[in-house]
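Here the sequence shown is numbered in UniProt numbering, starting from 1 and rising by one per residue. Ideal placement from N, C-alpha and C gives every residue a C-beta, glycine not left out. In what follows, a single structure is set out as structure tokens and then discussed.
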Amino acid sequence: IDENDNTQQEYFVPWHLPFHRAEISGASAAALENGFAKKDDKKGAVVYNRYYHVFVEGELQRLVAGMSNATIVDQFYDKSNWCIVLEKL
């Protein structure tokens with residue numbers, strides 16, 4: 001993934017899980033051991049790379065166009081990404 005490419009749609013975004021929450025799950029120790037997460041002592045968190053897809057205008061509508069059990073009730077651009085609200089039929 002090229003972070004300097006303005007046309008790309010896939011990113012890894014850092015997600016900081018506070019130590020007190022990370023200790024509850026127990027999965028954080030395994031993630032750290034396997035290299036899937038990093039420990040950030042300065043922020044007091046375990047940092048995971050979360051996958052994030054940036055939709056282009058109309059992409060979500062095309063993805064749900066064939067659904068017979070839902071309809072789009074709203075579509076909007078928010079926080080640098082396209083969103084839709086579906087209503088179950």
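Would you identify the three-state DSSP class for residue i, choosing helix, strand or coil?
i	result
Ile1	For Ile1, the predicted model reports a pLDDT of 49, less than 50, meaning its position is unreliable and no value from the coordinates is stated.
residue 127	Any question about residue 127 goes unanswered here, given that the chain covers just 1 to 89.
Phe36	coil
Leu89	coil
Between the C-alpha atoms of residue i and residue j, what's the straight-line distance to the nearest angstrom?
i	j	result
Thr7	Val54	10 Å
Gln61	Gln75	9 Å
Ile1	Asn81	For Ile1, the predicted structure reports a pLDDT of 49, less than 50, and the residue's modelled location is therefore unreliable. The matter cannot be settled from this model.
Asp78	Glu59	15 Å
Ile72	Glu57	14 Å
Do residue j and residue i come within 7 Å of each other at the CB atom, strictly closer than that value?
i	j	result
Ala45	His16	yes
Could you say if the stretch 48-56 and the stretch 8-20 meet the contact criterion of at least three C-beta pairs nearer than 8 Å?
-> yes
Take every Cβ of the stretch 38-45, pair it with every Cβ of the stretch 78-88, and state whether three or more of those distances are shorter than 8 Å.
-> no
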